[in-house]
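Protein chains in written order, with the numbering used here: chain A, 15 to 450; chain B, 15 to 450.
Inspection log for the structure reproduced underneath, given as structure tokens.
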């Protein structure tokens, strides 16, 4: 391993590895007090003044002047026109991706269930969809049509009656691909608003924007801070940190492929993190050579170089088992198992957002069209979080229907426990149902 | 309807009903800045000083002096001894309740799944349990053994390897019933700590308390505020508001039963909310008479009276259908359908934490032993939240395993979309897998 290599190299069996790993993974996601106070002021203003405030903030931050609040809504026709305007290959690619995403997510749909006990008591759970959901889509360069598909399709599969998309249009400009994706995914209404003001409008409603039950989708620090502030009033998805990939390779994959897989994360932004775990010095040197050779060919070489230099790493491990132990410590958002028998690894993987198995499954396929969601838990939150899914747009109500006999038996148990908790009315309410 | 009745009466068909309903449901859950700054200081202190700070806060807030941090842990033997010490009927009641809760929650367990496409590509989801979970149990009078069962059993059913319970012991006192419930539910370790300091210890770990992946369980305003503050570092359950019940009655249930069902909510605390929807003036008068007659017989009559007077209501509706429309607006935590054919109502119910069906299913049975969870979404959050369940202790990893043929086809789609998003490395990573 040359010291001059672009990515730092760590040895998993060195004395200070644990410390080095912690330093590598550390991210400072603290939001400045200024951002928070700005966001809280915007939210209060939207709640107080509704559409009038929404129009003002849009004029100020997005630099175009709606003549009325109704200007903020994009028509269904506009979406259909955008879909017709994009190139045939692009339209087909979006449609194929949407179809595969739809198909995969159908498998996640939970159904209501119930069972009947011997005495006739019925227990179960009624599963229903959220009624109205807001999807935030960033504007400008970060406005990804694939994100529209990934956030909207699961909601529609769940049966959400109304999906409201918000997307800022800086200088009045919006991407045809984004509108086409909205049309293909089945978005019900689109408003050309963004920032904390859009999140506030979705959470509390204005005269024009209807209030939703949950807000999902990525955004900048103002959007993330606003989502955190309205959490409780509405549900939100997780607040995403920088995206990361962990590649485990047995040294038998074309090193150019591995280099490009690492780049595909690093090109996102300077804070993105790409880590390779491998156990063959010669192979590591080959990947390093590929990185040096291929990096300058990228359009976004500067971003990728900054990301790989400041946050990337190649970690030399003893063997595949040690690689998986370290992977579980990292709990990566994307885990690529570029090994001969990835199926054998699966039982040992405790935490990962998505697992890309084998040499022919780069993350990029999952980002766009394999079917599973690309909204995944970042920054080690795969320890306790899941990919965005249909389950995020469904909710459950417990069903309890006691027979007279069942109520009589349960009433005796409840009575003892309620009196133990000094809750007499609970006890008496149960005792009324005990048969003499 | 007499103006002198204890509970306010509203008419759902009066002109200003919508406004009255909003006023009835309004709760101010704003946390004072003082609480927040105290909580943030405690969290920072626990992170900086670990056990030393935890011992100091315990001495200060719970008024007993641990001689060392190891004093904070209660032994497994202590739990077993408490279980042996409680009365036989209480032990049996706890065991029966635990068994029923266990049985019900088994139905919620999600399993891993995968499917294979025509070209050999495998897609699926691997479901795993969280590794370590913290359960907060309040101390003193709010220390309910039933809450221990309801929070711990779903985690154990999910397969959580280690459930850590924290419970403050004011003046060194702890309830045998709570320890017995912990033993029965299968808690792995118990620490006698509480407040924001316990939440901080669970979120970040100390020398003695191991860090967990998720914190669940009810607590006072300091606990709730601390949970909100550590959200992101760990997962948390919802922040609960005051408990509420909505009873819909067709006028054929013994009015004493309905009165007691309303009391069983009102006796919790002054902010608890009990609402009755009925469509028969004469029956409403009968329930009012039952309330007047039975209320003075309660041990906690003062609390219940305050709750019913300030937050309770009887709403006169036109018919059952209107009752269900209003119920959906309220999205109640507990919905009791004391009607002849509750099954016919079910398809019309959009939002409710738990649905108690028929005249023989009072909330109290669900609170203790019917099987479903008593941790339910409050304050209208049933619009987007579910009862605590096994699903709260499981997480999912997407599985993508492309065949060479599958990767080649998907690579073409991904390439078009990635180039549309100006992400060249994504495109090239996908294109490497396209077969010539």
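For every residue, glycine included, the Cβ atom is placed at its ideal position computed from N, Cα and C.
C-alpha gap between residue 11 of chain A and residue 188 of chain A, whole angstroms:
No statement about residue 11 of chain A is possible, as the shown extent of chain A runs from 15 to 450 and does not include it.
Under 8 Å between C-beta atoms of residue 142 of chain B and residue 420 of chain B
no
Evaluate the contact criterion for the region 423-440 of chain B versus the region 145-152 of chain B: three or more CB pairs, one atom per stretch, below 8 Å.
no
Given a threshold of 16 other Cβ atoms within 10 Å of its Cβ, counted over all protein chains shown, does residue 436 of chain B qualify as buried or as exposed?
exposed
List in chain order: all unbroken alpha helix (DSSP H) runs of 4+ residues lying wholly within the region 367-438 of chain A.
377-382 and 418-434
Check each candidate in B:123, B:130, B:127 and B:129 and name the one with the smallest Cα separation from residue 127 of chain A.
B:123
By DSSP, does residue 32 of chain B sit in helix, in strand, or in coil?
Helix.
For residue 271 of chain B, report the span of its alpha helix (DSSP H) as first-last.
269-280
Name the residues in the region 289-313 of chain B whose C-beta lies less than 8 Å from a C-beta of chain A; which are they?
312 and 313
Please decide whether residue 164 of chain A counts as near chain B, where near means a Cβ-Cβ distance under 8 Å.
no
Going by DSSP, name the residue or residues bridged to residue 288 of chain B.
B:259
For residue 209 of chain B and residue 89 of chain A, I'd like the C-alpha separation in whole angstroms.
51 Å
Whole angstroms are fine: how far does the CA of residue 276 of chain B sit from the CA of residue 41 of chain B?
19 Å
In the region 317-332 of chain A, which residues sit with their C-beta less than 8 Å from some C-beta in chain B, listed in chain order?
318
Reduced DSSP category for residue 50 of chain B - H, G, I as helix; E, B as strand; rest coil:
helix
What are the boundary residues of the beta strand (DSSP E) that includes residue 71 of chain B?
That residue, residue 71 of chain B, is in no beta strand (DSSP E); its alpha helix (DSSP H) goes 65-76.
For residue 62 of chain A and residue 179 of chain A, the rounded distance between their alpha carbons:
22 Å
Which residues in the same chain have their Cβ closer than 6 Å to the Cβ of residue 201 of chain B, if we skip the five residues on either side of it in sequence?
166, 177 and 179
Alpha carbons only, please: which of A:349, A:301, A:381 and A:339 is nearest the one belonging to residue 21 of chain A?
The candidate whose alpha carbon is nearest that of residue 21 of chain A is A:301.
Could you tell me which residues DSSP pairs with residue 138 of chain B in its beta bridges?
B:128 and B:413
On the three-state DSSP scale, how would you describe residue 214 of chain B?
If DSSP states are grouped into helix, strand and coil, residue 214 of chain B belongs with the helices.
With DSSP as the reference, label residue 17 of chain B as helix, strand or coil.
Low local confidence applies: a pLDDT of 44 at residue 17 of chain B is under 50, so the model's placement there is unreliable, and no value is given.
Looking at the structure shown, is residue 347 of chain A part of a helix, part of a strand, or coil, going by DSSP?
coil
Beta carbon proximity, residue 383 of chain B to chain A, threshold 8 Å:
yes
Can you tell me whether residue 409 of chain A is buried or exposed, with buried defined as 16 or more other CB within 10 angstroms of its CB?
Label assigned to residue 409 of chain A: buried.
Answer yes or no: do residue 248 of chain A and residue 226 of chain A have a C-beta to C-beta separation smaller than 8 Å?
yes
Pull up the CB-CB distance for residue 99 of chain B and residue 190 of chain B, whole angstroms please, since I reckon it's below 8 Å.
A Cβ-Cβ distance of about 5 Å is found for the pair residue 99 of chain B and residue 190 of chain B, placing them in contact under the 8 Å criterion.
Flag this pair as yes or no: are the beta carbons of residue 332 of chain A and residue 267 of chain A separated by less than 8 Å?
No, the pair does not count as a contact, with Cβ atoms beyond the cut-off.
With 8 Å set as the bound, which would you pick, yes or no: does the beta-carbon of residue 275 of chain A sit closer than that to a beta-carbon of chain B?
yes
May I have the straight-line CA-CA distance separating residue 426 of chain A from residue 448 of chain A, to the nearest angstrom?
Counting only the Cα atoms, residue 448 of chain A lies some 7 Å from residue 426 of chain A.
Output needed in chain order: residues of the region 30-44 of chain A with a Cβ under 7 Å from some Cβ in chain B.
Sequence-ordered contacts of the region 30-44 of chain A with chain B are nonexistent [C-beta pairs closer than 7 Å].
Determine contact between the region 277-292 of chain B and the region 311-318 of chain B, defined as no fewer than three beta-carbon pairs at a distance below 8 Å.
yes
When burial is assigned at 16 or more other CB atoms within 10 Å of the CB, is residue 129 of chain B buried or exposed?
exposed
Limits of the alpha helix (DSSP H) - the one that residue 198 of chain B falls within:
190-199
Within a Cβ cutoff of 8 Å, which residues of the same chain sit near residue 114 of chain B, ignoring the five residues on either side of it in sequence?
383, 384 and 385
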